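Residue numbers (this note's numbering), protein chains in the order written: chain A, 963 to 1374; chain B, 61 to 321.
Where a beta carbon is used, it is the ideal one built from N, C-alpha and C, also for glycine.
Given the structure is predicted, the values throughout are model-derived calculations rather than measurements.
Here's what the structure looks like:
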């Protein structure tokens, strides 16, 4: 099997996510990933086109130490070209300088405030076939879906910890987890929380407007990879396969009245430098078009799952992760940056010191994990590496002379 | 406003309330347990409070950390238009009991630049409801006049982008506001060093508001003390009447009017 997989691999193929079955499935005919399906709202493709063109033109090996020094001299007004230099291999010897600059920018814009929140997975049904994800429709994952009383119980348990911000997640099944179902979860969340974000399947702008009315104000959509050719080989079936519908989700969310949008490439799926560059450009271009939009970045690296313990983030080591996160900070000093429980406590505690400003606590990626008996819970999406409680994370923030903030927002 | 007489009873009057301190302290970017020491060293009598933080009833509440007797100045941060600012201001009054409100309307997440038009609209609504309106604005004379006509208690022009510590980047325009407006001009945002605060006060600013300059200092309470001295020095210099600044060092040795008989 190994030889077969290696034959399939290009320089940026993460073989840890492949299996014989997946390789077979990749040979099958698939629908065109660039053509919208019926009922998918089509919007102006300008931003998508600019992002993909910028990524295609990004030749990170062409940058030198001088380019990185120049970028650092531009601290406070980093251009897209400076951002490109900061993400390049030439920046690696400057990582300490980059981290110091990122910390200065973070403190200027956020002081020592670190926001805390937690995710809640209310359902894990999924109609997509993402070959790296434990929720995919072919995975032997144990499925579950909370009903209204289950959501209420789970949220009450989370709220008892003192948290005021929640991120509602589902697997990407419009059929099982309808827009109305997610809306109901938002309405329940309004009883317990001040800030509600959603991380669900992409939808049309009128549906985002509906969820905004139900109380949600922040929408996060992981693009996974901005390389549409690679995207096509990773997302073999389901609505998620349609690249333009996904990449334009943040803009549709803003059109629907959402206050903020979150961006992420899943680092380790493809060429991480290009994906990080595209992620930054995507956010940068949207903020220019929608100046009131609050911008957020997540920086997830691939993690092992219950059904594939081999999955790893390939060449995105801790140093590369720091380089990316710090480059995001310098490029968009005002953006929120979240550090995932995919990372361990040491990495997370250091990243909030340098440039992340938001951290989850008491994270659970399974459905009903806060209150349901184990046999009724749904499996988690990935293995978390920091299982600290709210109190522990709160105290870890304080221990670094940072200020834990549970609420920094008013729903208006 | 012109020079004021230098006397011991130099009061700073805002919406009918008298203050002796001319240093308004921000509270959003450093740990709450430093607020008391910062207030003490600053000699501050007014401290800002973001409702979106104070609205947190679970673990820590900023209201518990602001010393008694200090005037709480809620702000409307988080609002992107006049209507949102009005809603936040009303909620703030309920929670803090303070009629003061710093009106910040910011539809720009990158530079956090205020929207003067929306700000003036919010002032118009809130002033009628009895709020003591302190609008944060980009230093534009016409907008400042609109805010004054709408019932503002003062004008709070930015010196430089929030958080930049760049100092008096808009100096010429702030000077115009000081010269032309009858309301107190409180310089807000961008002041990074005590010397910059001093310079603004020398120009005739009525007060200084600072947050990031303290939050990014090595010793926050000590920096609060340094600002206090600088602001007091600038105020004293202003009241004393600043000496004339000579261009090229001296007056002309051959006056053009020398031929006159």
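For this session: Report the neighbours of residue 170 of chain B on chain A: residues whose CB is nearer than 7 Å to its CB, in chain order.
Result: The sequence position of residue 170 of chain B within the second chain is 110, counting from 1. The contacting residues are 1249, 1253, 1296.
Exercise. Hey, how far is the Cα of residue 984 of chain A from the Cα of residue 197 of chain B?
Worked result: For the purposes of this step, residue 984 of chain A is taken as residue 22 along the first chain, with counting starting at 1. For the purposes of this step, residue 197 of chain B is taken as residue 137 along the second chain, with counting starting at 1. Whole-angstrom Cα-Cα distance: 58 Å.
Problem set entry | Cβ contact (3+ pairs, closer than 8 Å) linking the stretch 1059-1070 of chain A and the stretch 1314-1321 of chain A | yes
Exercise. In whole angstroms, what is the alpha-carbon distance linking residue 1132 of chain A and residue 1211 of chain A?
Worked result: The residue labelled residue 1132 of chain A in the question sits at position 170 within the first chain. The residue labelled residue 1211 of chain A in the question sits at position 249 within the first chain. Those two C-alpha atoms are separated by around 16 Å.
Problem set entry | Minimum C-alpha distance to residue 1085 of chain A - residue among A/1162, A/1293, A/1304, A/1024 | One-based indexing of the first chain puts residue 1085 of chain A at position 123. Among A/1162, A/1293, A/1304, A/1024, the Cα nearest to that of residue 1085 of chain A is on A/1162.
Problem set entry | Short-range partners of chain A found in the stretch 90-109 of chain B, where Cβ spacing is below 8 Å | 90, 91, 92
Problem set entry | Span separating the alpha-carbon of residue 1220 of chain A from that of residue 294 of chain B | Within the first chain, numbered from 1, the residue matching residue 1220 of chain A stands at position 258. Within the second chain, numbered from 1, the residue matching residue 294 of chain B stands at position 234. So the two alpha carbons sit approximately 45 Å from each other.
Problem set entry | Per-residue burial, residue 64 of chain B [other beta carbons within 10 Å of its own, 16 or more giving buried] | The residue given as residue 64 of chain B occupies position 4 in the second chain. At residue 64 of chain B the pLDDT is 47, less than 50, meaning the model places this residue with poor confidence and gives no usable figure here.
Exercise. Does the beta carbon of residue 276 of chain B sit closer than 8 Å to a beta carbon anywhere in chain A?
Worked result: Taking the first residue of the second chain as position 1, residue 276 of chain B is located at position 216. It does; some Cβ of chain A falls within 8 Å.
Exercise. When the Cα of residue 1309 of chain A is compared with those of A/1048, A/1024, A/1285, which residue comes out closest?
Worked result: What you label residue 1309 of chain A is simply residue 347 of the first chain in a count that begins at 1. If we check each option's Cα against that of residue 1309 of chain A, A/1285 comes out closest.
Exercise. Excluding the five sequence neighbours on either side, which residues of its own chain have a C-beta within less than 7 Å of the C-beta of residue 226 of chain B, listed in chain order?
Worked result: By 1-based counting over the second chain, the position of residue 226 of chain B is 166. Once the five neighbours on either side are set aside, the close Cβ partners of residue 226 of chain B are 220, 250, 252.
For this session: Return yes when the C-beta of residue 1140 of chain A is under 7 Å from any heavy atom of the ligand HEM, and no when it is not.
Result: Among the components of this structure there are no ligands whatsoever, and the ligand HEM is therefore not found.
For this session: For residue 77 of chain B, write down the residues that DSSP places opposite it in a beta bridge.
Result: Reading the second chain from its first residue, position 17 is the one you call residue 77 of chain B. Partner(s): B/74.
Exercise. When burial is assigned at 16 or more other CB atoms within 10 Å of the CB, is residue 1030 of chain A buried or exposed?
Worked result: Residue mapping note: residue 1030 of chain A aligns to position 68 of the first chain, counting from 1. Buried, since its Cβ has 16 or more Cβ neighbours within 10 Å.
Problem set entry | Straight-line gap, residue 66 of chain B to residue 148 of chain B (C-alpha atoms, nearest Å) | Position 6 of the second chain, counted from the first residue, corresponds to residue 66 of chain B. Position 88 of the second chain, counted from the first residue, corresponds to residue 148 of chain B. Residue placement at residue 66 of chain B is poorly supported in this model, since its pLDDT is 44, which falls under 50; the coordinates are not used for a value here.
Exercise. Under a CB-based cut-off of 8 Å, is residue 272 of chain B close to chain A?
Worked result: Walking along the second chain from the start, residue 272 of chain B turns up at place 212. Chain A has a Cβ within less than 8 Å of the Cβ of residue 272 of chain B.
For this session: Would you tell me roughly how many angstroms separate the C-alpha atoms of residue 74 of chain B and residue 1242 of chain A, rounded to the nearest one?
Result: Along the second chain, one-based indexing puts residue 74 of chain B at 14. Along the first chain, one-based indexing puts residue 1242 of chain A at 280. Rounded to the nearest angstrom, the two C-alpha atoms are 44 Å apart.
Problem set entry | Of the listed residues A/1304, A/996, A/1027, nearest to residue 1323 of chain A (C-alpha basis) | If you number the first chain from 1, residue 1323 of chain A lands on position 361. Residue A/1304 is the option with its Cα nearest to residue 1323 of chain A.
For this session: Could you spell out where the alpha helix (DSSP H) holding residue 1387 of chain A opens and where it closes?
Result: Missing from the structure shown is residue 1387 of chain A; chain A here goes from 963 to 1374 and no further.
Problem set entry | Proximal residues to residue 277 of chain B (C-beta, below 8 Å), its chain only, five neighbours per side dropped | Within the second chain, numbered from 1, the residue matching residue 277 of chain B stands at position 217. The residues are 283.
Exercise. Residue 1166 of chain A: buried (16+ other C-beta within 10 angstroms of its C-beta) or exposed?
Worked result: Your numbering for residue 1166 of chain A matches position 204 in the first chain. Label assigned to residue 1166 of chain A: buried.
For this session: Check whether the Cβ atoms of residue 1202 of chain A and residue 1282 of chain A lie closer than 8 Å to each other.
Result: On the first chain, residue 1202 of chain A is found 240 positions in, with the first residue counted as 1. On the first chain, residue 1282 of chain A is found 320 positions in, with the first residue counted as 1. No; because the gap between Cβ atoms is not below 8 Å, this pair is not in contact.
Problem set entry | CB contact check: residue 1054 of chain A to chain B, cutoff 8 Å | Position 92 of the first chain, counted from the start, is the residue given in the question as residue 1054 of chain A. No, no contact with chain B.
Problem set entry | Option nearest residue 1026 of chain A by Cα separation, candidates A/1017, A/1041, A/1007, A/1053 | Position 64 of the first chain, counting from 1, holds the residue named residue 1026 of chain A. The shortest Cα separation from residue 1026 of chain A among A/1017, A/1041, A/1007, A/1053 belongs to A/1053.
Exercise. Mapping DSSP to helix, strand and coil, what is residue 963 of chain A?
Worked result: The count along the first chain starts at 1 and reaches residue 963 of chain A at position 1. Because residue 963 of chain A carries a pLDDT of 41, less than 50, the predicted location of this residue cannot be relied on, and no value is offered for it.
For this session: Under 8 Å between beta-carbons, which chain B residues line up against residue 1072 of chain A? List them in chain order, please.
Result: Start at 1 with the first residue of the first chain, and residue 1072 of chain A comes out as number 110. Those within 8 Å of residue 1072 of chain A in chain B are 89.
For this session: Excluding the 5 residues preceding and the 5 following residue 1049 of chain A in the sequence, name in chain order all residues of the same chain whose CB lies nearer than 6 Å to its CB.
Result: Taking the first residue of the first chain as position 1, residue 1049 of chain A is located at position 87. These residues qualify, in order along the chain: 1235, 1238, 1239, 1289.
Exercise. According to the neighbour-count rule (16 or more other Cβ atoms, all chains shown, within 10 Å of its Cβ), is residue 177 of chain B buried or exposed?
Worked result: Taking the first residue of the second chain as 1, we reach residue 177 of chain B at position 117. Flag for residue 177 of chain B reads exposed.
Exercise. Taking C-alpha atoms, which residue in B/69, B/232, B/242 lies nearest to residue 215 of chain B?
Worked result: Stepping through the second chain from its first residue, residue 215 of chain B is reached at position 155. The shortest Cα separation from residue 215 of chain B among B/69, B/232, B/242 belongs to B/242.
Problem set entry | Residues, ordered as in the chain, of the stretch 1292-1318 of chain A that lie near chain B by beta-carbon distance below 7 Å | 1296
Problem set entry | As assigned by DSSP and simplified to three states, the class of residue 1256 of chain A | For the purposes of this step, residue 1256 of chain A is taken as residue 294 along the first chain, with counting starting at 1. Three-state result, residue 1256 of chain A: strand.
For this session: Can you tell me the Cβ-Cβ gap for residue 125 of chain B and residue 92 of chain B, rounded? I've got them flagged as a contact below 8 Å.
Result: Counting from one through the second chain, the residue named residue 125 of chain B turns up at place 65. Counting from one through the second chain, the residue named residue 92 of chain B turns up at place 32. Confirmed, Cβ separation roughly 4 Å.
For this session: Please report how far the alpha carbon of residue 280 of chain B lies from the alpha carbon of residue 1250 of chain A, in whole angstroms.
Result: The residue labelled residue 280 of chain B in the question sits at position 220 within the second chain. The residue labelled residue 1250 of chain A in the question sits at position 288 within the first chain. Roughly 35 Å separates the two Cα atoms.
Exercise. In three-state DSSP terms, what is residue 1114 of chain A?
Worked result: Sequence index remark: in the first chain, residue 1114 of chain A carries index 152 (1-based). Residue 1114 of chain A falls in the helix class under three-state DSSP.
Exercise. Between the C-alpha atoms of residue 223 of chain B and residue 273 of chain B, what's the straight-line distance to the nearest angstrom?
Worked result: Here residue 223 of chain B corresponds to residue number 163 of the second chain, with the count starting at 1. Here residue 273 of chain B corresponds to residue number 213 of the second chain, with the count starting at 1. Each residue's alpha carbon lies about 8 Å from the other.
For this session: Indicate the three-state DSSP secondary structure (helix, strand or coil) for residue 1061 of chain A in the structure shown.
Result: In the first chain, residue 1061 of chain A corresponds to position 99, counting from 1. Residue 1061 of chain A falls in the helix class under three-state DSSP.
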